[in-house]
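The structure under discussion appears below in the form of structure tokens.
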Amino acid sequence: MTAPRIDADTIRRLPKAVLHDHLDGGLRPATLVELAETVGHTLPTTDPQALADWYYEAANSGDLVRYIATFEHTLAVMQSREGLLRTAEEYVLDLAEDGVVYGEVRYAPELMVNGGLTLPEVVETVQEGLAAGMAKAAAAGTPVRVGTLLCGMRMFDRTREIADLAVAFRDGGVVGFDIAGAEDGFPPADHLAAFEHLRGESVPFTIHAGEAHGLPSIHQALQVCGAQRIGHGVRITEDIVDGKLGRLAGWVRDRRIALEMCPTSNLQTGAAISIAEHPITALRDLGFRVTLNTDNRLVSGTTMTREMSLLVEEADWGVEDLRTVTVNAIKSAFIPFDERNALIRDVVLPGYEAAR
Ligand SMILES: [Zn+2]
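Quick note: to get our numbering, add 22 to the position in the sequence shown (first position is 1).
Structure follows, in structure tokens:
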């Protein structure tokens, strides 16, 4: 007997965890319209719903480079203290609304200095906004903990500097580091100095790999740079033939390296063909530590509730699978072990128990 399919409203109330979500990819359309007006930035349209649709269409081009180009507009309103405070605070409130209890937000400070803020000022301001959001969410009875990952841009040469910033702010809410931007043509090992510095300082990091580029990118990220998690990693399937794991795939599964998988985003950039055939399901079945993520909520027109609902409807996922990816995400979060255990024991497991 198969269990009845879990409905979207129940899914929304389930505790969730997201490890891979970009601050500049998740603005509210109405906020983007308002902030753009205050800074004199021209958007494709000033109607919030039409703007959300524009994003969704532009992001559906099947090309990572074009997908990334849509960030021009969100970044334009994230150059001031006001813009950063508001987007960071709303970011947290939107996660809380979506049932997220633990999130890691990531962004590239070097893309937010055009209005005169220094790199440390950008980080301080975002942390201030996140803290305000966390206080409001807790007061509303929907507490959410948010840690920050600072991204260096892989096509530029400031990653070593951003790594330093992550080290400097590790006691101020920054929990790790990442490199973002176009993967093809910009291999992780180009940024070895940043990763060696972070390893020397014992700051954890993840790397976007195996999305636009295949196994060599994942191999470099793990075995040359020393990443503790992989952003996307969908192309690890190229090292699995008829269910048999090659050396690299075996390393990923056996070392319990979390794959930060983002189904909708992968469809949009052409890294996956359909939700039904997205590698997250096959990798789950093979025992990989898969996690489910949104990547860019505005750009991809998604939420954690939507990503979960899509897998339930199109890939036959059940509530147990949703619990597994949530526990997986918190197990591989960059916050301390005792805090991860407490979140799983006190929040996630009781929440799923209540949904049965
Ligand atoms: Zn990403």
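Each residue gets a CB set at the ideal place from its N, CA and C atoms; glycine is no exception.
Extent of the continuous beta strand (DSSP E) to which residue i belongs
| i | result |
| --- | --- |
| Ala202 | Val196 to Ala202 |
| Met156 | Note, Met156: premise wrong, no beta strand (DSSP E); alpha helix (DSSP H) at Leu141 to Ala161. |
| Leu314 | Val312 to Leu314 |
Beta-carbon separation (whole angstroms), residue i vs residue j, contact threshold 8 Å
| i | j | result |
| --- | --- | --- |
| Val312 | Pro37 | Actually they do not touch by this definition, with Cβ atoms about 17 Å apart. |
| Leu220 | Phe227 | 5 Å |
| Val99 | His44 | Incorrect: roughly 15 Å between the Cβ atoms, too far for contact. |
| Val189 | Thr170 | Actually they do not touch by this definition, with Cβ atoms about 13 Å apart. |
| Leu107 | Thr60 | Not really, about 13 Å apart at Cβ, beyond 8 Å. |
| Ile229 | Ile201 | 6 Å |
| Leu97 | Leu133 | 5 Å |
Neighbourhood of residue i by C-beta distance below 6 Å, restricted to the same chain and skipping five residues each side
| i | result |
| --- | --- |
| Arg345 | Tyr374 |
| Pro66 | Trp76 |
| Ile295 | none |
| Ile379 | Here the chain has residues from 23 to 378 only, and residue 379 is not among them. |
| Asn288 | Val256 and Ala294 |
| Tyr78 | Gly323 |
| Met23 | At Met23, the pLDDT of 43 sits below 50, so the modelled position is not reliable; the number obtained from the coordinates is stated separately. Cβ within range, chain order: n/a, list empty. |
| Thr68 | Val55 |
Unbroken alpha helix (DSSP H) run spanning residue i, endpoints
| i | result |
| --- | --- |
| Thr291 | Pro285 to Thr291 |
| Leu73 | Pro70 to Ala81 |
| Thr96 | Phe93 to Ala98 |
| Leu133 | Note, Leu133: premise wrong, no alpha helix (DSSP H); not H, not E. |
| Glu223 | Note, Glu223: premise wrong, no alpha helix (DSSP H); not H, not E. |
| Thr303 | Pro301 to Asp307 |
For residue i, the residue or residues it bridges with in DSSP
| i | result |
| --- | --- |
| Leu333 | Per DSSP, none; premise fails for Leu333. |
| His230 | Gly253 |
| Arg128 | His44 and Leu171 |
| Val122 | Lys38 |
| Leu281 | Ile252 and Val312 |
Cβ neighbours of residue i in the same chain (closer than 7 Å, five flanking residues each side left out)
| i | result |
| --- | --- |
| Ala159 | Val114, Leu115, Ala118, Pro165 and Val166 |
| Arg182 | Ala215, Ala216 and His219 |
Proximal residues to residue i (C-beta, below 8 Å), its chain only, five neighbours per side dropped
| i | result |
| --- | --- |
| Ala298 | Glu336 and Ala337 |
| Leu234 | One detail in the question is off: residue 234 reads as Ala in this sequence, not Leu. So the list reads Leu86, Ala204, Glu205, Asp206, Thr291 and Ala293, once near-sequence residues are dropped. |
| Gly265 | Leu308 |
| His95 | Leu54, Ala58, His63, Leu65 and Pro66 |
| Val274 | Ile240, Leu244, Ile252, Gly255, Ile258, Leu281 and Phe310 |
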